[in-house]
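Notes follow once the structure below has been shown.
Protein chains: 2
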Amino acid sequence: MCQANSSNKDIKTVCLEGNDNSWQPMNQRTTPETIKIACSNCNLRELCMPIGFNPEDMQKLDEVVATRRRVKQGERLFSSGDPFTSLYAIRTGFFKTCISSEDGREQVTGFQMAGEIIGLDGIVSDHHSCNAVALEDADVCVMPFANVEELSREFPVLQRHVHKIMSREIVRENSIMMLLGNMRAEERIAAFLLNLVQRLHARGFSQSEFILRMTREEIGSYLGMKLETVSRTFSKFSDDGIIEVKQRYVKIIEPDALKKIFNPQTCS
Amino acid sequence: MCQANSSNKDIKTVCLEGNDNSWQPMNQRTTPETIKIACSNCNLRELCMPIGFNPEDMQKLDEVVATRRRVKQGERLFSSGDPFTSLYAIRTGFFKTCISSEDGREQVTGFQMAGEIIGLDGIVSDHHSCNAVALEDADVCVMPFANVEELSREFPVLQRHVHKIMSREIVRENSIMMLLGNMRAEERIAAFLLNLVQRLHARGFSQSEFILRMTREEIGSYLGMKLETVSRTFSKFSDDGIIEVKQRYVKIIEPDALKKIFNPQTCS
DNA sequence: AAAATTCTTTGATGTAAGTCAAACGACTGA
DNA sequence: TCAGTCGTTTGACTTACATCAAAGAATTTT
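Chain order of the listed sequences is A and B. Residues in the first sequence are numbered consecutively from 23, following this note's numbering. Residues in the second sequence are numbered consecutively from 23, following this note's numbering.
What follows is the structure in structure tokens.
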């Protein structure tokens, strides 16, 4: 979600990135491996792990993050079946998580962006049950789960935060079940776009336009529909003047119309 | 799931119930309110919270359970919007959890039975985001979340267990997303029946027959299909000799056929 | 025991989304 | 720069499931 498409120069080109104390244009960023990873001076601290920490505690929190890891576009952070050792906080980049049925059908279970935590699926069985694939070059903080648990015992505020992160994921999946079980194609796409733009906006991006980092097929997999239906729905919204779409570029022209499609009741 | 239908006397009539040290026929049970609630002598301890505890630790665990609460069939343990205070361990009975969209569409997000934990949805926002409805008279252990967190800090084995319970719920919801997003009606019903019978079997019930505690509509809501389609699919399986169905009674005659429908690959 | 209510089954028909197919646009690597 | 690949769009046709409807079974109420 960070890189600007050359054909769409009007898109905000700053990228939310941890550890820099300023917003920097994407093409100028420098993130030498030597920079100490520290939650205490990370841009993402309001979104990521360190909520409600006072400055002294924050230093302790830095201890949970052991290393940083880069994942190139298309590569996996972890795969289904891998031993579970760590949670990962996304510093930069964009991921999808997905599971495959025995006969090869793929279900995208989520899209994750900077400040979000992935890997929670691995706790229950000590092995991951999904794949985490980078949809753009990414950079994650590796948080060995043993460290997280140890520090959680020491800091109730961290403990509570970890619980909230897991609970949030449960609640998110509940709402996806509602989408998949009850909503029609247009409602699903409207909800998807609104959710995406809301999360991007929380990270300092435009609340009206963005570049999709996933294919139509991946969107369709997430929303339980075929890529052709995703494409047709985008085209329909475009024809109706609700959005502007050109390939991966999306501009939301009538957010209220999207909200109305998603939820006819609460919008006048 | 405990009560035997009078027209199906061959069904195992014992009921898994916490705090009794023996299996007792349902109609003979006595559970006076005066009995001290104690995990240490609960039948469900292998399924519920107290995994991997030694006898001394187990006594401490008893402290998390503050009270017991009865919920009558049709009543709610909690509702969406209620302040979150506690997790609940089901001792007896059967629940559904569900969410409603603004325009009144209901999505069942899960069915829970003895030994399972409900209420995790409330942690993130300090308010519940779903309703928990008893589908039969139920009895739950109330575990104030503050107690759970406090004791988790003291006992790493409990901490780990709480994390596993939350992770398990995330993984379960992932697999429901796969069902809803990729599977056809017959596959969903096959998966549903296999999952139900497996969980009942783990609780000492028959692995072939049981009484459904939910309506066709509730099954349909959970699986993203209409009640008529649920009914037709049951009838189809019955015609094919895979199951026997009569109203809420279900007997699985050909489990391998169900497995094959659910997953054509791994079954010969 | 009758009446009312709720749940389930089954049939007839409709439709939203899937499937198949083809063309086009964008990106990639020699 | 061009060929090859991958992703997207759009049209024509199909289908799995939804919807509508009615009857029958089970359960609850009076």
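C-beta atoms are modelled at their ideal positions from N, C-alpha and C, and glycine is treated no differently.
(message) At the 8 Å Cβ level, is A:Asn-285 part of the contact set with chain B, yes or no?
(response) yes
(message) Taking a contact to mean a Cβ-Cβ separation below 8 Å, would you say B:Ile-140 touches B:Ile-112 in this structure?
(response) yes
(message) Assess contact between the segment 230-248 of chain A and the segment 265-275 of chain A, defined as three or more Cβ pairs (one per stretch) separated by less than 8 Å. Is contact present?
(response) The segment 230-248 of chain A makes contact with the segment 265-275 of chain A; the number of CB pairs closer than 8 Å reaches 3 or more.
(message) Rounded to the nearest angstrom, what separates B:Glu-265 and B:Phe-259 at their Cα positions?
(response) Per the sequence shown, residue 265 of chain B should be read as Ile rather than Glu. Taking the straight line joining both Cα atoms gives about 6 Å.
(request) Starting from the beta carbon of B:Arg-182, find every residue of chain A whose beta carbon is closer than 9 Å, and list them in chain order. (result) Ile-145, Glu-171
(message) Out of B:Ser-253, B:Lys-94, B:Cys-163, B:Ile-145, which one is the CA nearest neighbour of B:Glu-138?
(response) B:Cys-163
(message) Any beta carbon from chain B within less than 8 Å of A:Lys-186's own beta carbon?
(response) For A:Lys-186, at least one C-beta of chain B is nearer than 8 Å to its own C-beta.
(request) Whole angstroms is fine: what's the gap from B:Lys-94's alpha carbon to B:Cys-64's? (result) For the pair B:Lys-94 and B:Cys-64, the Cα-to-Cα distance works out to about 22 Å.
(request) Helix, strand or coil for A:His-183, going by three-state DSSP, please let me know. (result) Look at A:His-183 here: in three-state DSSP terms it is helix.
(request) Apply the 10 Å Cβ neighbour rule to B:Glu-191 and answer buried if 16 or more other Cβ atoms are within range, or exposed otherwise. (result) buried
(message) Please list the terminal residues of the continuous beta strand (DSSP E) segment that includes B:Asn-153.
(response) 153-166
(message) Rounded to whole angstroms, what is the Cα-Cα separation between B:Glu-276 and B:Phe-284?
(response) 13 Å
(request) Please report the Cβ distance between B:Leu-245 and B:Arg-238, rounded to the nearest whole angstrom; I am assuming they are in contact, meaning their Cβ atoms lie under 8 Å. (result) Not confirmed; about 10 Å, so no contact.
(request) Could you have a look at A:His-150 and say whether DSSP puts it in helix, strand or coil? (result) coil
(request) Consult DSSP for A:Glu-239 and reduce its assignment to one of helix, strand or coil. (result) Residue state, collapsed to three classes: helix.
(request) Indicate the three-state DSSP secondary structure (helix, strand or coil) for B:Glu-250 in the structure shown. (result) helix
(request) Give the residues from the segment 261-272 of chain B that approach chain A closer than 9 Å (Cβ to any Cβ), ordered along the chain. (result) none
(request) Starting from A:Met-80, trace the alpha helix (DSSP H) both ways and give me its first and last residue. (result) 77-83
(message) Give me, in chain order, the residues of the same chain whose beta-carbon lies closer than 7 Å to that of A:Thr-131; leave out the 5 immediate sequence neighbours on both sides.
(response) The answer, listed in chain order, is Thr-119, Cys-120, Ile-121, Cys-152.
(message) Buried or exposed, going by whether 16 or more other CB atoms sit within 10 Å of the CB of A:Asp-161?
(response) Counting other Cβ atoms within 10 Å of its Cβ, A:Asp-161 reaches 16 or more and is therefore classed as buried.
(message) Buried or exposed for A:Glu-85, going by 16 or more other Cβ atoms inside 10 Å?
(response) exposed
(message) Can you confirm whether A:Asp-297, when its beta carbon is compared against all beta carbons of chain B, has any partner nearer than 8 Å?
(response) Any property of residue 297 of chain A remains undetermined from this structure, which presents chain A solely from 23 to 290.
(message) With a threshold of 6 Å on Cβ separation, who are the neighbours of B:Phe-116 within its own chain once the five nearest residues in sequence on each side are excluded?
(response) So the qualifying residues of the chain are Met-23, Met-135, Leu-157, Glu-158, Arg-235.
(request) Per DSSP, which residues does A:Arg-98 bridge with? Please list them. (result) A:Val-155
(request) Rounded to whole angstroms, what's the CA-CA distance from A:Met-199 to A:Ala-213? Just pull it up for me. (result) 13 Å
(request) Could you name the residues that DSSP lists as bridge partners for B:Gly-132? (result) B:Thr-119
(request) Taking only beta-carbon positions, decide if A:Glu-250 is within less than 8 Å of chain B. (result) no
(message) I want to verify the contact list: residues of chain B whose CB lies under 9 Å from the CB of A:Gly-137, in sequence order.
(response) None at all; the shortest Cβ gap to chain B is about 15 Å.
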